[in-house]
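Trainee:
Chains as they are written, first to last, in the working numbering: chain A, 1 to 201; chain B, 1 to 201.
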């Protein structure tokens with residue numbers, strides 16, 4: 001790895017936590033310099049503007065999340081129900097570690113960018129659509145294989161899971177109380193099991 | 001109304017939309033001066049710091065929301081099920097008008113303040129708890145009156161409604177697509193109706 005690549009990666013990793021706790025508007029380039037311990041020249045060489053850095057950081061956070069989900073799906077095996085339950089379990093075992101220091105990067109970036117930062121909003125919307133497709137496709141496969149009832153609406157199920165988890169995450173982080181997430185995940189598990197044509201063992 | 005009171009109210013009303021679209025960190029006191037058209041002295045006389053202004057604006061937004069909910073409850077009448085369905089309908093008919101310009105003030109302030117602004121976070125958490133109690137008490141009354149099954153968990157139901165709606169609101173605003181909210185509200189209506197001991201007409 002060249003020095004420039006090393007620096008780039010270090011800036012992204014360190015700034016991901018800054019953006020996700022303080023927000024995009026609440027993080028200055030001076031904060032980035034201080035947190036990375038790098039010289040101004042090195043940082044601006046990699047990222048000419050804060051916007052460039054914000055996009056790189058967001059993409060990195062999303063890749064980290066998708067990797068977490070992939071790992072869960074791998075462990076879960078081929079059945080759609082197990083994959084959906086494994087997805088829910090990622091949030092049952094959420095630790096305050098990357099990329100979740102400061103909460104969900106998609107939720108945080110969505111709230112901050114939706115009215116104020118179109119350049120970031122487009123990227124966050126893209127990530128959310130990717131996430132909807134990921135879950136929607138699992139449900140679709142479940143229907144095709146005869147696991148889930150044909151009356152199941154894949155998009156509705158994907159949106160229910162995402163909205164429920166993100167809303168509960170906001171409550172948990174604000175109240176410093178895990179109860180709303182525990183209750184939401186239990187509710188979602190029930191909804192997922194109810195998709196099955198045959199009772200789940 | 002004195003000039004000072006008038007100014008105070010004008011500053012709060014105008015800044016409520018600024019904070020709710022650009023965020024607390026993304027709004028400067030210069031933005032406030034520009035948007036209100038008032039002199040620096042008049043603004044600082046009412047609000048010595050941006051923190052003072054942020055708290056006043058948040059309290060105002062929450063009062064506006066609670067008034068909206070109260071109106072819905074009044075129209076709904078005495079039955080708990082009608083009150084819960086009326087609450088859900090507030091979000092079905094949401095317009096981009098105060099206090100919802102820029103989305104839900106509680107959600108926006110929660111995400112921005114949870115790690116970065118403890119002075120605001122405490123106030124937002126208090127508002128969220130008030131909201132949980134409001135819905136939880138409606139469910140409790142429904143149980144006491146024999147409308148809802150005794151096995152109903154009022155806190156779980158309140159949290160499910162709040163988390164579901166807030167998560168869906170994030171998706172709707174980010175994607176500029178009302179579908180996730182429509183689907184979530186339909187889901188919540190089903191959950192609310194399922195609480196009833198007797199089928200609802």
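For every residue, glycine included, the Cβ atom is placed at its ideal position computed from N, Cα and C.
Does the beta carbon of residue 124/A come closer than 9 Å to any beta carbon on chain B?
Mentor: yes
Trainee: Are the C-beta atoms of residue 26/B and some chain A residue less than 9 Å apart?
Mentor: It does: the Cβ of residue 26/B has a partner Cβ on chain A nearer than 9 Å.
Trainee: Among 137/B, 108/B, 191/B and 2/B, which residue has its Cα nearest to the Cα of residue 58/B?
Mentor: Comparing Cα positions, the closest option is 108/B.
Trainee: Across the stretch 132–149 of chain A and the stretch 159–166 of chain A, are there enough close Cβ pairs to call them in contact, namely three or more that are closer than 8 Å?
Mentor: yes
Trainee: Is the shortest distance between the beta-carbon of residue 178/A and the beta-carbons of chain E less than 9 Å?
Mentor: The structure shown contains no chain E; the protein chains it does contain are A and B.
Trainee: In the DSSP output, what is residue 148/A paired with across the bridge?
Mentor: Answer is 196/A.
Trainee: Assuming residue 44/B contacts residue 117/B under a Cβ cut-off of 8 Å, what Cβ separation, rounded to an integer in Å, is found between them?
Mentor: 20 Å between Cβ atoms; not a contact.
Trainee: If you measure between the beta carbons of residue 139/B and residue 195/B, is that distance less than 9 Å?
Mentor: yes
Trainee: What does residue 92/A touch in chain B if you count any residue whose Cβ is under 8 Å from its own?
Mentor: By Cβ distance, chain B contributes nothing, its closest Cβ being about 15 Å from residue 92/A, past 8 Å.
Trainee: Taking a Cβ distance cut-off of 9 Å, strictly less, list which residues of the stretch 67–79 of chain A are near chain B, in chain order.
Mentor: Residues are counted here when their Cβ sits less than 9 Å from a Cβ of chain B; for the stretch 67–79 of chain A the count is zero.
Trainee: From residue 106/B to residue 137/A, what distance separates their C-alpha atoms?
Mentor: 33 Å
Trainee: Give a yes or no on whether the C-beta atoms belonging to residue 174/A and residue 31/B are separated by under 9 Å.
Mentor: no
Trainee: Drop a sphere of 10 angstroms on the beta-carbon of residue 17/A, count the other beta-carbons inside from all chains shown, and report buried for 16 or more, exposed for fewer.
Mentor: With 16 or more Cβ atoms within 10 Å of its Cβ, residue 17/A is classed as buried.
Trainee: So residue 128/B and residue 171/A are supposed to be a Cβ contact under 8 Å. How far apart are they, rounded?
Mentor: 7 Å
Trainee: Counting pairs of beta carbons, one from the stretch 73–89 of chain A and one from the stretch 144–158 of chain A, are three or more of them closer than 8 Å?
Mentor: yes
Trainee: For residue 152/A, go through chain B and note every residue whose CB falls closer than 7 Å to its CB, in chain order.
Mentor: Those do not exist, as residue 152/A stays about 13 Å from chain B at its closest Cβ, beyond 7 Å.
Trainee: Count the other C-beta atoms from every protein chain shown that fall within 10 angstroms of the C-beta of residue 187/B, then say buried if there are 16 or more, exposed otherwise.
Mentor: buried
Trainee: When we look at the beta-carbon of residue 205/A and count the other beta-carbons within 10 Å, is it buried (16 or more) or exposed?
Mentor: No information on residue 205/A is available, as it lies outside the stretch 1 to 201 that chain A covers here.
Trainee: Does any residue of chain B have a CB that is nearer than 9 Å to the CB of residue 136/A?
Mentor: no
Trainee: In chain A, which residues lie less than 8 Å from residue 159/B when you measure between Cβ atoms?
Mentor: 168, 171, 179, 180, 183 and 184
Trainee: Roughly how far, in whole angstroms, is the beta-carbon of residue 88/B from the beta-carbon of residue 20/B, given that I think they are within contact range, below 8 Å?
Mentor: No, residue 88/B and residue 20/B are not in contact; Cβ-Cβ is about 22 Å, not under 8 Å.
Trainee: Taking just the CA atoms, how far does residue 181/A sit from residue 91/A?
Mentor: 8 Å
Trainee: Please compile the residues from chain B whose C-beta is within a distance smaller than 7 Å of the C-beta of residue 110/A.
Mentor: Here the neighbours are 170 and 174.
Trainee: Restricting to Cα atoms, I'd like to know which of 11/A, 36/A and 22/A is closest to residue 121/B.
Mentor: 22/A
Trainee: How would you call residue 184/B, buried or exposed, if buried means at least 16 neighbouring beta carbons within 10 angstroms?
Mentor: buried
Trainee: Only counting the same chain, and skipping five residues up and downstream in sequence, which positions put a Cβ closer than 7 Å to that of residue 149/B?
Mentor: Excluding sequence neighbours, residue 149/B sits near 195 and 197.
Trainee: For residue 187/A, which three-state DSSP category applies?
Mentor: helix
Trainee: Classify residue 6/A as helix, strand or coil using the three-state DSSP reduction.
Mentor: helix
Trainee: Here's the rule I'm using: 16 or more other beta-carbon atoms within 10 Å means buried, otherwise exposed. How should residue 147/A be labelled?
Mentor: The residue in question, residue 147/A, is buried, as its Cβ has 16 or more Cβ neighbours within 10 Å.
Trainee: I'd like to check one pair, residue 64/B with residue 98/B: are the Cβ atoms closer than 9 Å?
Mentor: yes
Trainee: What residue range is occupied by the uninterrupted alpha helix (DSSP H) comprising residue 171/B?
Mentor: First-last of the alpha helix (DSSP H) with residue 171/B: 154–175.
Trainee: Please compile the residues from chain A whose C-beta is within a distance smaller than 8 Å of the C-beta of residue 121/B.
Mentor: Those are 174, listed as they occur along chain A.
Trainee: What's the C-alpha gap between residue 79/A and residue 72/A?
Mentor: 13 Å
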